[in-house]
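Report on one structure; see the data block that follows.
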Amino acid sequence: MNVGRLDSITLYSDAKFTQIIHQFTSLTSDWSLNIQTQSFLAIHMRANAANGIYGFIAEITVAPTLVQTYATDEVLIRRSRIERNDRGAIIYRNTGEIGPNLVIISSVSE
Numbered sequence: 002m003n004v005g006r007l008d009s010i011t012l013y014s015d016a017k018f019t020q021i022i023h024q025f026t027s028l029t030s031d032w033s034l035n036i037q038t039q040s041f042l043a044i045h046m047r048a049n050a051a052n053g054i055y056g057f058i059a060e061i062t063v064a065p066t067l068v069q070t071y072a073t074d075e076v077l078i079r080r081s082r083i084e085r086n087d088r089g090a091i092i093y094r095n096t097g098e099i100g101p102n103l104v105i106i107s108s109v110s111e
């Protein structure tokens, strides 16, 4: 399975986002394009750009936030590998009142 570079961000879009996504290039200087709240955007982030001492911090947010009529039951991490970790592999925080369960499957933490 080819998952691209280790330090990459992949954007998956619905039909509404196709035109907007193609406007972002390596020469883009204005990243403030207006995105309508009815549209959806999924982000797959793979981070491995730090050296062996520091690791990395990943923060994934969705903006603008959509009004959600149902609660999120779980956040799933699968097929992941966390190595040489001396200060805790994962810190998971939720800004809402009730946080979903964190489910980790088919993963390795050393």
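When you read off a place in the sequence shown, starting at 1, and then add 1, the result is the number in the numbering used here. Just so it is clear, CB atoms sit at the ideal spot from N, CA and C, and this is done for glycine as well. All values derive from a computational prediction rather than experimental measurement.
When the Cα of residue i is compared with those of the options, which residue comes out closest?
{"i": "Ile-78", "options": "Ile-105, Val-109, Ser-110", "result": "Ile-105"}
Who are the near neighbours of residue i in its chain, counting only those whose CB is closer than 8 Å to its CB and skipping five residues on each side?
{"i": "Leu-103", "result": "Glu-75, Val-76, Ile-78, Ile-91, Tyr-93"}
Apart from the five residues on each side of it in sequence, which residues of its chain come closer than 6 Å, Cβ to Cβ, to residue i?
{"i": "Val-109", "result": "Arg-82"}
{"i": "Pro-101", "result": "Thr-73, Asp-74, Glu-75, Val-76"}
{"i": "Glu-111", "result": "Glu-84"}
Using 8 Å for Cβ pairs, my map puts residue i next to residue j. What's the rounded Cβ distance?
{"i": "Arg-1", "j": "Ser-107", "result": "Since the first residue shown for the chain is 2 and the last is 111, residue 1 is missing from the structure and cannot be characterised."}
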